[in-house]
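Chemist: The structure that follows is given in the form of structure tokens.
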Amino acid sequence: MDASRRLHVSCPAMRQVPVPQDVMPKQAQELLQEDYKYLDVRTTDEYAGGHAPAAVNVPVVNFGPGGMVPNPGFLAAVQAAFPDKQERLVVGCKSGRRSMMAIDLLSQAGYCELVNLAGGFDLWAGQGLPVVR
């Protein structure tokens, strides 16, 4: 991966660590088999329709009267699910946009080991990777 495709997240008491910005679904699955956890930031309805095994669902946005609105409890819910900010997380949504928004919020909150699932859950399922329905 070239330097233009890396996300640098700084952590307290750590030097700046390069983290791959995007991983393809197969690579994400390999990371999950190591020590990464899957944070699914889609809505609860999207998650209920199918998700990666062992995924933890914390919507970064919710459906509101005018469309999607930020979830004000997002960071608190993630911190409850993953209190260790050194936790290694694969962050995924439907196609990759909301997960990048979530990664921005999480990195500002001090999370360091974050990767974005390129193509989101749609590509994960489309490539025949395991899905819980």
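First residue of the sequence shown: 0, per numbering that gives the first Met the number 0; consecutive thereafter.
Glycine included, each C-beta is placed from N, C-alpha and C at the ideal position.
On a predicted model such as this, the values are computed, not experimentally measured, just so you know.
For methionine 13, which of helix, strand or coil comes out of DSSP?
Modeler: Residue placement at methionine 13 cannot be trusted, given a pLDDT of 47 that sits under 50; the coordinates are not used to answer.
Chemist: In the DSSP assignment, find the unbroken alpha helix (DSSP H) run with arginine 36 in it and report its ends.
Modeler: Per the sequence presented here, residue 36 reads as lysine, with arginine not at that position. From DSSP, lysine 36 is part of no alpha helix (DSSP H) but of the beta strand (DSSP E) over 36–39.
Chemist: Could you tell me which residues DSSP puts in a beta bridge with phenylalanine 62?
Modeler: Partner(s): Met67.
Chemist: Which residue's Cα is closest to the Cα of leucine 30: Pro69, Leu122, Met67, Val114?
Modeler: Minimum Cα distance to leucine 30 is reached at Val114.
Chemist: Tell me the residue span of the alpha helix (DSSP H) that contains glycine 127.
Modeler: Neither: glycine 127 is in no alpha helix (DSSP H) and is coded neither H nor E.
Chemist: Between the alpha carbons of valine 60 and leucine 104, how many angstroms are there, rounded?
Modeler: Each residue's alpha carbon lies about 12 Å from the other.
Chemist: Starting from glutamate 112 and walking both ways along the beta strand (DSSP E), at which residues does that stretch end?
Modeler: Run containing glutamate 112: 112–116, per the beta strand (DSSP E) assignment.
Chemist: So arginine 87 is in the beta strand (DSSP E); what residue range does that whole segment cover?
Modeler: Note, arginine 87: beta strand (DSSP E), 87–91.
Chemist: For glycine 125 and proline 64, I'd like the C-alpha separation in whole angstroms.
Modeler: Cα to Cα, glycine 125 sits roughly 31 Å from proline 64.
Chemist: What did DSSP end up calling aspartate 44 once you bin it into helix, strand or coil?
Modeler: Helix at aspartate 44.
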